[in-house]
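Novice: My structure is below; once you've seen it, I'll send some questions.
In UniProt numbering, the protein residues as written are 1 to 149.
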């Protein structure tokens, strides 16, 4: 790739001086050199200097029985900088026990990864045309709601 057409700023942010393309993907590889894409760097939640991958928490919460869908994003927090918050769509005809979700997360991750931003039960998770979670929309709705309080 030589760069973005008519967008030198995006080109400079994506290509380094040696011509390497920085995709913004977070990945790892295993002992067999298989690469696993896990998250986007820009989606990481910054909690008091720690980075939390939303998909780690989403995968953990998704293991609970009544969870149909879940999205996690960082929301503003005075003490932490950002705090993980979960938006959960329950399986139709069921309810979500928020305390059980909090306990499940607390039992399985480090303290800084816990849902200090809370949990919200919703009817749907906003997604784009290819199914990616629109985390910015979730954050914006949260900030809008909090600012009205």
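No residue lacks a Cβ here, since even glycine has one placed at the ideal position from N, Cα and C.
Am I right that residue 88 and residue 109 are in contact with their C-beta atoms under 8 Å? What's the rounded C-beta distance?
Specialist: Actually they are not in contact, since the Cβ atoms of residue 88 and residue 109 sit about 16 Å apart, beyond 8 Å.
Novice: Would you mind reading off the limits of the beta strand (DSSP E) that contains residue 77?
Specialist: Counting along the chain, the beta strand (DSSP E) containing residue 77 begins and ends at 67-77.
Novice: Among residues of its own chain, excluding the 5 on either side of residue 11, which ones have a beta-carbon nearer than 6 Å to its beta-carbon?
Specialist: Once the five neighbours on either side are set aside, the close Cβ partners of residue 11 are 3 and 4.
Novice: Cα separation between residue 118 and residue 99?
Specialist: Their Cα atoms are separated by approximately 10 Å.
Novice: Taking the C-alpha atoms as reference points, what is the distance between residue 136 and residue 111?
Specialist: When rounded, the distance between both Cα atoms is 24 Å.
Novice: Where does the unbroken alpha helix (DSSP H) through residue 12 begin, and where does it stop?
Specialist: It spans 8-14 - the alpha helix (DSSP H) in which residue 12 sits, taken as one unbroken run.
Novice: Specify the secondary structure class of residue 51 as computed by DSSP and reduced to three states.
Specialist: Residue state, collapsed to three classes: strand.
Novice: How far does the beta strand (DSSP E) with residue 83 in it reach, from first residue to last?
Specialist: Run containing residue 83: 81-90, per the beta strand (DSSP E) assignment.
Novice: Within 10 angstroms of its Cβ, does residue 32 collect 16 or more other Cβ (buried), or is it exposed?
Specialist: So residue 32 counts as exposed.
Novice: Take the Cβ of residue 54 as the centre, count every other Cβ of all protein chains shown within 10 Å, and call the residue buried at 16 or more, exposed below.
Specialist: When all chains shown are included, residue 54 counts as buried.
Novice: Can you list, in chain order, the residues of its chain with a C-beta nearer than 8 Å to that of residue 114? Leave out the 5 residues immediately preceding and following it.
Specialist: Counting only Cβ-Cβ distances below 8 Å, and skipping sequence neighbours, we find 84, 102, 105 and 106.
Novice: At 4 residues or longer, what runs of the alpha helix (DSSP H) sit wholly inside the region 91-137?
Specialist: Complete alpha helix (DSSP H) runs here, min 4: 98-108.
Novice: Judging by CA-CA distance, which residue of 27, 1 and 6 is the nearest neighbour of residue 15?
Specialist: For residue 15, the nearest C-alpha among the options comes from 1.
Novice: Buried or exposed, going by whether 16 or more other CB atoms sit within 10 Å of the CB of residue 75?
Specialist: Residue 75 comes out buried.
Novice: Which of the three DSSP states, helix, strand or coil, is assigned to residue 45?
Specialist: If DSSP states are grouped into helix, strand and coil, residue 45 belongs with the strands.
Novice: Considering only their Cβ atoms, is the gap separating residue 86 from residue 65 smaller than 9 Å?
Specialist: No, they are not a contact pair.
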